[in-house]
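Protein chains in written order, with the numbering used here: chain A, 10 to 304; chain B, 10 to 304; chain C, 10 to 304; chain D, 10 to 304. For each residue, glycine too, the CB sits at the ideal point set by N, CA and C. Take a look at the structure below.
Number of protein chains: 4
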Amino acid sequence: TLQHLFKQIFKASLELQEDDHRKALLVSRKKHPEDTIVDINGTKLGGGEQHLIAGPCSVESYEQVDAVAKELKAQGLTLMRGGAYKPRTSPYDFQGLGEEGLKILKAISEKYGLSVISEIVTPGDIEKAVEYLDVIQIGARNMQNFELLKAAGSVNKPVLLKRGLSATIEEFINAAEYIHSKGNGNIILCERGIRTYEKATRNTLDISAVPILKQETHLPVFVDVTHSTGRRDLLLPTAKAALAVGADGVMTEVHPDPAVALSDSAQQMDFPQFSEFMNQLELSGLYKSKKTATK
Amino acid sequence: TLQHLFKQIFKASLELQEDDHRKALLVSRKKHPEDTIVDINGTKLGGGEQHLIAGPCSVESYEQVDAVAKELKAQGLTLMRGGAYKPRTSPYDFQGLGEEGLKILKAISEKYGLSVISEIVTPGDIEKAVEYLDVIQIGARNMQNFELLKAAGSVNKPVLLKRGLSATIEEFINAAEYIHSKGNGNIILCERGIRTYEKATRNTLDISAVPILKQETHLPVFVDVTHSTGRRDLLLPTAKAALAVGADGVMTEVHPDPAVALSDSAQQMDFPQFSEFMNQLELSGLYKSKKTATK
Amino acid sequence: TLQHLFKQIFKASLELQEDDHRKALLVSRKKHPEDTIVDINGTKLGGGEQHLIAGPCSVESYEQVDAVAKELKAQGLTLMRGGAYKPRTSPYDFQGLGEEGLKILKAISEKYGLSVISEIVTPGDIEKAVEYLDVIQIGARNMQNFELLKAAGSVNKPVLLKRGLSATIEEFINAAEYIHSKGNGNIILCERGIRTYEKATRNTLDISAVPILKQETHLPVFVDVTHSTGRRDLLLPTAKAALAVGADGVMTEVHPDPAVALSDSAQQMDFPQFSEFMNQLELSGLYKSKKTATK
Amino acid sequence: TLQHLFKQIFKASLELQEDDHRKALLVSRKKHPEDTIVDINGTKLGGGEQHLIAGPCSVESYEQVDAVAKELKAQGLTLMRGGAYKPRTSPYDFQGLGEEGLKILKAISEKYGLSVISEIVTPGDIEKAVEYLDVIQIGARNMQNFELLKAAGSVNKPVLLKRGLSATIEEFINAAEYIHSKGNGNIILCERGIRTYEKATRNTLDISAVPILKQETHLPVFVDVTHSTGRRDLLLPTAKAALAVGADGVMTEVHPDPAVALSDSAQQMDFPQFSEFMNQLELSGLYKSKKTATK
């Protein structure tokens with residue numbers, strides 16, 4: 010009927026306009042159909058091979074980070090995370106070691122030949138971060154801290170951008186565009202769970218966001234299984250799901266002794282757990298170990 | 010202080026009770042550590058092997074169901090879904106063929122040797138359903154229609170119970186308990202996405218629910234990728250994620266000509282798409298084709 | 010520019026279509042601009058005057074309901090609620106007295122000249138309900154139990170329809186349409202809080218839903234402050250908000266001794282609390298006491 | 010059993026700590042039972058009298074702000090809002106006039122004797138803001154930008170803190186604590202709607218948050234009805250609800266010509282609409298006009 014034809018024309022035009030808008034975005038696959046490969050000292054994210062990023066929630070001491078780095082190295086990892094500036098709900102919780110933490114990360118990264126990733130929380134610290142880090146992380150709470158995004162877009166250093174606590178996928182893509190619009194296209198997107206009514210998990214891992222982000226943008230997409238679930242017993246199955254759904258990699262937390270960790274003690278793996286996690290991932294056929302590659 | 014001691018004893022007792030309560034649930038793994046295997050005419054759900062359930066959103070005609078059944082058979086499937094009673098938001102939308110639809114399903118199931126699954130929406134229809142169906146489905150909108158649950162629990166027929174639109178995992182488990190408490194323990198749980206703020210997908214697939222349900226209960230757990238995402242382009246990646254995370258199977262919608270479907274036209278696969286979906290699943294190594302088994 | 014003109018035409022046409030759809034609904038104000046007034050034995054809901062509905066969560070005994078009725082009468086109320094069939098998350102929780110509860114309500118209603126409202130949970134009980142009740146309630150969990158809606162639409166008895174746990178306003182309106190489409194236009198809508206991530210309250214009272222429902226439909230709109238908040242300390246402020254925002258009335262729970270109540274003990278008021286609640290509402294100028302009217 | 014006793018002692022201690030923690034918060038009513046009154050050039054927020062804050066979404070020009078200020082003055086208002094730095098989803102949307110906007114606000118505030126409120130989005134701008142503004146606003150997207158909170162806590166200027174897009178009430182209170190912990194106790198909390206599945210409104214106004222915040226803290230609490238609803242037709246009923254529920258005031262947006270506004274055109278009132286809004290609020294008895302007081 011006439012009414013339906015009319016409707017179809019509307020819908021199509023509407024979609025065309027949205028399409029145009031997306032085409033204009035620098036991070037959009039329509040603008041740039043090829044995958045962006047972020048090369049971090051030789052480890053290529055987004056290039057087809059899937060990688061793991063692991064490390065402690067917070068940098069607590071040289072010894073702690075040293076122990077973790079040794080373990081990651083043994084498992085064939087090349088990328089280590091660790092928080093120096095910790096955004097915490099309460100001002101009276103442990104706020105991280107700050108620049109001291111960055112220095113520890115730098116020293117360890119040189120000792121083991123690992124690349125390090127750490128969160129920066131304010132524009133004024135971005136320049137400092139460039140000296141110490143291989144990847145600048147922007148956390149969920151700061152996904153729409155636009156001044157921070159612009160500052161990270163103005164330096165020549167890869168940025169791992171986490172999805173906001175309740176950001177839509179569209180807002181997430183636009184946040185990445187803030188970085189790219191300032192000249193820095195080395196961006197890794199990271200799904201880390203969204204806030205929903207369900208309380209069995211700390212957040213709800215939005216697994217469908219991964220293929221959508223891969224379709225809409227040309228950027229590598231990671232999944233942080235630790236913050237998505239907040240439960241140690243779910244790290245392995247959700248990591249498998251992330252790899253199966255097409256993520257470029259998985260991020261997780263490892264600590265020498267989670268029970269005494271200064272933050273997130275309930276969700277970090279200790280070394281035997283991490284070793285078992287790696288073995289199971291490899292056994293599932295979903296992850297190809299890089300252990301031999303490091304020998 | 011005394012008050013606090015009092016409070017602590019209170020709380021502890023509460024928790025003990027909750028623990029006891031969970032232990033007491035018939036569907037709980039604490040009560041019954043072994044996996045329940047639901048045997049549907051020889052197809053074993055929950056027994057380690059993963060299965061697919063497919064079919065049209067609505068039963069529209071004998072010819073439509075016949076065409077779908079032939080295609081499913083060719084792909085090695087043994088379980089077909091199809092809606093005869095359709096719960097629709099508006100009273101003026103297509104409400105399904107009703108008993109006529111059940112008859113079509115029965116006839117086709119006999120012709121092809123497929124088992125059929127269809128939703129029943131009111132207690133009064135449960136007895137009738139037993140004659141026509143191999144599995145009674147209880148849909149998301151009726152997950153807390155307790156009279157329907159009790160009626161389904163009183164017959165000797167497997168029940169596929171979908172998670173409610175915004176049901177917590179705990180409420181979902183308790184809904185299954187309503188069925189089991191009436192004597193019917195042949196229950197299949199089905200995650201089908203939850204309602205969140207994100208609108209890029211029709212619902213948000215809560216992939217973490219699968220390992221939690223497997224831990225907490227002894228029942229088979231399926232994932233309906235069609236209703237979770239509402240997007241044809243996400244069926245394959247989310248099906249992979251579901252199989253990788255440990256689901257006992259995946260449910261999806263197939264229609265000879267989705268464009269003219271009387272419901273859910275945007276999310277059903279046509280036959281070439283379904284064939285490609287099956288091939289890709291098999292190629293991923295996550296799904297073992299049952300084609301040879303049917304020769 | 011041309012593009013914007015284009016866009017405007019699309020949007021307008023889209024809106025026209027939606028408008029047409031809404032115009033078609035029997036419950037829509039576009040179809041029927043005048044307010045529907047539901048007359049319950051002389052108490053007129055939706056006619057400009059605001060009313061209270063109160064009573065125990067569950068009917069527990071004749072004595073309990075008798076005590077509540079006496080108190081309501083003293084406070085000038087004419088409408089009493091009380092649950093006979095209780096939809097409970099667990100099959101092992103108190104499920105209500107059933108028909109015995111309806112009989113108690115009927116007896117008390119005659120003794121005190123109060124009208125009674127109670128929830129019916131399955132189509133098979135609707136006819137029975139007509140004998141005992143003045144208003145049939147359909148609860149949140151059954152808002153999309155379409156067979157129940159149709160059954161309630163087929164009898165000549167006012168229906169109080171609660172919004173589903175996570176129903177959109179559009180779904181809520183369509184649920185009311187299911188009732189009206191069967192011939193029964195005496196419908197009262199009741200906002201009762203929606204499910205969100207916030208856990209400080211049991212649900213999140215969606216206060217904006219009230220003016221939207223008043224605009225979109227011609228039906229009376231109530232707010233259930235008890236289930237919205239789940240907190241006794243929030244009943245008074247949210248009742249004030251409901252009356253100020255334009256609701257036709259407020260529903261709340263009163264029990265002779267909430268501490269021993271068989272359900273919802275944490276959120277019901279005892280008699281002194283209820284008396285204070287009524288006094289404060291009257292003092293605020295937002296509620297006109299009907300005490301004198303009953304002398 | 011022993012294990013359970015152990016667990017109970019643990020839990021109880023945890024709870025004791027939480028209680029202690031809340032008691033320890035500077036913003037907590039347990040720490041400081043009296044209401045904090047924030048005095049802005051003589052207008053006292055939190056002192057029992059309810060106030061309105063209004064103004065354009067964005068500062069666009071001297072003439073625009075001048076026109077609004079004149080209208081506010083005529084309506085008896087003393088507090089004007091206006092955005093100079095605009096946090097926008099897309100980097101290609103209007104980002105505000107920046108410091109130029111602050112200068113316009115300052116000039117107009119002096120001309121009309123109004124106090125001005127504007128959002129600051131990065132720590133580096135806080136000191137500049139102190140020169141131009143009477144109240145520093147921290148927006149929803151920056152509620153957990155902890156460096157910004159600390160910077161705002163280090164100056165001697167009232168801060169209006171908006172609730173985050175999906176912040177819990179507890180997180181909101183802790184964000185205020187970040188400000189107070191640095192020495193600045195002149196904080197106004199502002200509920201502005203939370204993100205839920207419901208799309209009939211831009212956000213869902215969490216009206217219950219107001220009495221909870223008044224109970225838990227000693228700070229003034231406002232409701233931003235414009236961002237809560239995103240709908241001009243809901244501003245009046247929700248403003249009434251806010252005043253009735255016990256808010257210390259209401260914030261809303263007014264623009265000389267909303268249709269050409271550079272942001273939020275669909276939700277700002279023009280002058281005749283604002284005048285009618287003020288009249289209706291006064292007529293409802295919920296708001297006491299300050300017009301005479303300004304003569």
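Inset, instruction - Compute the Euclidean distance between the alpha carbons of B:Asp-134 and B:Gln-104, then round it to the nearest angstrom. - result: Taking the second sequence and counting its residues from 1, one reaches residue 134 of chain B at position 125. Taking the second sequence and counting its residues from 1, one reaches residue 104 of chain B at position 95. Straight-line Cα distance between these residues: approximately 15 Å.
Inset, instruction - With 8 Å as the threshold, decide whether the Cβ of A:Leu-295 is near any Cβ in chain B. - result: One-based indexing of the first sequence puts residue 295 of chain A at position 286. Closer than 8 Å: yes.
Legend entry - Close beta carbons around B:Ala-250, own chain, < 7 Å, minus the five adjacent residues each side: Reading the second sequence from its first residue, position 241 is the one you call residue 250 of chain B. Cβ neighbours of B:Ala-250 beyond the five flanking positions: Ile-216.
Legend entry - Nearest-angstrom Cβ-Cβ length linking D:Val-77 and D:Gly-56, presumed shorter than 8 Å: Residue 77 of chain D sits at position 68 when you count from the first residue of the fourth sequence. Residue 56 of chain D sits at position 47 when you count from the first residue of the fourth sequence. No, D:Val-77 and D:Gly-56 are not in contact; Cβ-Cβ is about 26 Å, not under 8 Å.
Inset, instruction - Kindly indicate which three-state DSSP category B:Gly-91 falls into: helix, strand or coil? - result: Stepping through the second sequence from its first residue, residue 91 of chain B is reached at position 82. Correct three-state label for B:Gly-91: coil.
Legend entry - Buried or exposed by the 16-neighbour rule on C-beta atoms within 10 Å, applied to D:Val-219: The sequence position of residue 219 of chain D within the fourth sequence is 210, counting from 1. Burial call: buried.
Legend entry - CA-to-CA distance, A:Asp-257 to A:Gly-294, given in whole angstroms: The residue given as residue 294 of chain A occupies position 285 in the first sequence. The residue given as residue 257 of chain A occupies position 248 in the first sequence. Going by the C-alpha atoms only, they are around 15 Å apart.
Legend entry - Residues, ordered as in the chain, of the region 226 to 242 of chain D that lie near chain B by beta-carbon distance below 8 Å: none
Legend entry - Short-range partners of chain C found in the region 199 to 214 of chain B, where Cβ spacing is below 7 Å: Arg-204
Inset, instruction - With DSSP as the reference, please indicate the residues paired to A:Cys-199 in a beta bridge. - result: The residue labelled residue 199 of chain A in the question sits at position 190 within the first sequence. Beta-bridge pairing links A:Cys-199 to A:Lys-171, A:Phe-231.
Legend entry - Where the region 179 to 191 of chain C meets chain B: residues whose CB sits under 7 Å from a CB there: Glu-180, Asn-183, Glu-186, Tyr-187, Ser-190
Inset, instruction - Kindly indicate the opening and closing residues of the alpha helix (DSSP H) around A:Glu-108. - result: The residue labelled residue 108 of chain A in the question sits at position 99 within the first sequence. Its alpha helix (DSSP H) spans residues 108 to 121.
Legend entry - C-beta neighbour in chain B for A:Val-254, strict 8 Å: Sequence index remark: in the first sequence, residue 254 of chain A carries index 245 (1-based). Cβ-Cβ to chain B under 8 Å: yes for A:Val-254.
Legend entry - Range of the contiguous beta strand (DSSP E) that encloses D:Gln-146: For this step, residue 146 of chain D is matched to residue 137 along the fourth sequence. Element bounds for D:Gln-146: 144 to 147.
Legend entry - Residues of the region 146 to 159 of chain C with Cβ closer than 7 Å to any Cβ of chain B, in chain order: Taking 7 Å as the cut-off between beta carbons, the residues of the region 146 to 159 of chain C near chain B are Arg-150, Asn-151, Gln-153, Asn-154, Phe-155, Glu-156, in sequence order.
Legend entry - Where D:Asp-75 falls: helix, strand or coil (DSSP): To locate residue 75 of chain D, count along the fourth sequence from 1; it is residue 66. Note: D:Asp-75 maps to helix in three-state DSSP.
Legend entry - Proximal residues, the region 104 to 135 of chain A versus chain D, C-beta separation under 9 Å: Gln-104, Val-130, Thr-131, Pro-132, Gly-133, Asp-134
Legend entry - Coarse secondary structure for A:Thr-131, derived from DSSP in three states: Within the first sequence, numbered from 1, the residue matching residue 131 of chain A stands at position 122. Reduced to three states, the DSSP call for A:Thr-131 is coil.
Inset, instruction - Say whether chain D places a C-beta atom closer than 8 Å to the C-beta of C:Thr-261. - result: Here residue 261 of chain C refers to the residue found at position 252 of the third sequence. No, C:Thr-261 lies away from the interface with chain D (no Cβ there is under 8 Å from its Cβ).
Inset, instruction - Following the continuous alpha helix (DSSP H) through D:Thr-247, name the residue where it begins and the one where it ends. - result: Counting from one through the fourth sequence, the residue named residue 247 of chain D turns up at place 238. Note, D:Thr-247: alpha helix (DSSP H), 244 to 254.
Inset, instruction - Would you mind reading off the limits of the beta strand (DSSP E) that contains D:Lys-223? - result: Translated into the one-based positions of the fourth sequence, residue 223 of chain D becomes position 214. DSSP places D:Lys-223 in no beta strand (DSSP E) but in the uninterrupted alpha helix (DSSP H) bounded by 218 to 225.
Inset, instruction - May I ask you to report which of helix, strand or coil DSSP gives D:Gly-57? - result: Stepping through the fourth sequence from its first residue, residue 57 of chain D is reached at position 48. Coil at D:Gly-57, not helix or strand.
Inset, instruction - Spell out a yes or no on whether the region 147 to 159 of chain D and the region 168 to 183 of chain D are touching, meaning 3 or more CB-CB pairs, one atom from each, closer than 8 Å. - result: In short, these stretches touch, since the Cβ pair count reaches three.
Inset, instruction - Using 10 angstroms around the beta-carbon of B:Ser-118, count the other beta-carbons present and answer buried if the total reaches 16, otherwise exposed. - result: Counting from one through the second sequence, the residue named residue 118 of chain B turns up at place 109. Classification of B:Ser-118: buried, given that the 10 Å Cβ count is 16 or more.
Inset, instruction - Return helix, strand or coil for C:Ile-182, following the three-state DSSP convention. - result: Along the third sequence, one-based indexing puts residue 182 of chain C at 173. Helix at C:Ile-182.
Legend entry - Neighbouring residues, chain D, relative to A:Leu-174 (Cβ below 9 Å): Working through the first sequence from its first residue, we reach residue 174 of chain A at position 165. Here the neighbours are Gln-153, Gly-173, Leu-174, Ser-175, Ala-176.
Inset, instruction - In the DSSP assignment, find the unbroken alpha helix (DSSP H) run with A:Glu-156 in it and report its ends. - result: Walking along the first sequence from the start, residue 156 of chain A turns up at place 147. Taken as a continuous stretch (DSSP letters only), the alpha helix (DSSP H) holding A:Glu-156 covers 155 to 162.
Legend entry - Continuous beta strand (DSSP E) stretch holding A:Met-260: start and end: Here residue 260 of chain A is taken as the residue at index 251 of the first sequence, counted from 1. Residues 258 to 262.
Inset, instruction - Could you check what DSSP says for D:Glu-278 in three-state terms: helix, strand or coil? - result: On the fourth sequence, position 269 is the one that residue 278 of chain D refers to. First, the residue type needs correcting, since residue 278 of chain D is Met and not Glu in the sequence shown. The answer is strand: DSSP assigns D:Met-278 an E or B state.
Inset, instruction - With DSSP as the reference, label B:Ile-188 as helix, strand or coil. - result: Working through the second sequence from its first residue, we reach residue 188 of chain B at position 179. B:Ile-188 falls in the helix class under three-state DSSP.
Legend entry - DSSP-derived helix/strand/coil call for C:Ala-63: For the purposes of this step, residue 63 of chain C is taken as the residue at position 54 of the third sequence. DSSP places C:Ala-63 in strand when its eight states are reduced to three.
Legend entry - Three-state class that DSSP yields for B:Val-68 in the structure shown: Position 59 of the second sequence, counting from 1, holds the residue named residue 68 of chain B. B:Val-68 falls in the coil class under three-state DSSP.
Legend entry - Per-residue DSSP class, three states only, for D:Val-269: Numbered from its first residue, the fourth sequence carries residue 269 of chain D at position 260. Correct three-state label for D:Val-269: helix.
Legend entry - Contacts that D:Ser-67 makes with chain C (C-beta to C-beta distance below 9 Å): Position 58 of the fourth sequence, counted from the first residue, corresponds to residue 67 of chain D. Correct list: empty, because the minimum Cβ distance to chain C is about 20 Å.
Legend entry - Proximity winner among A:Thr-226, A:Ala-185, A:Ala-184, A:Phe-231, relative to A:Glu-200 (alpha-carbon distances): Numbered from 1 along the first sequence, position 191 holds the residue referred to as residue 200 of chain A. It is A:Phe-231 whose Cα lies nearest to the Cα of A:Glu-200.
Legend entry - Buried versus exposed call for D:Gln-224 [16 or more other C-beta atoms within 10 Å across all chains shown]: Mapped onto the fourth sequence, residue 224 of chain D falls at position 215. With fewer than 16 other Cβ atoms inside 10 Å of its own Cβ, D:Gln-224 counts as exposed.
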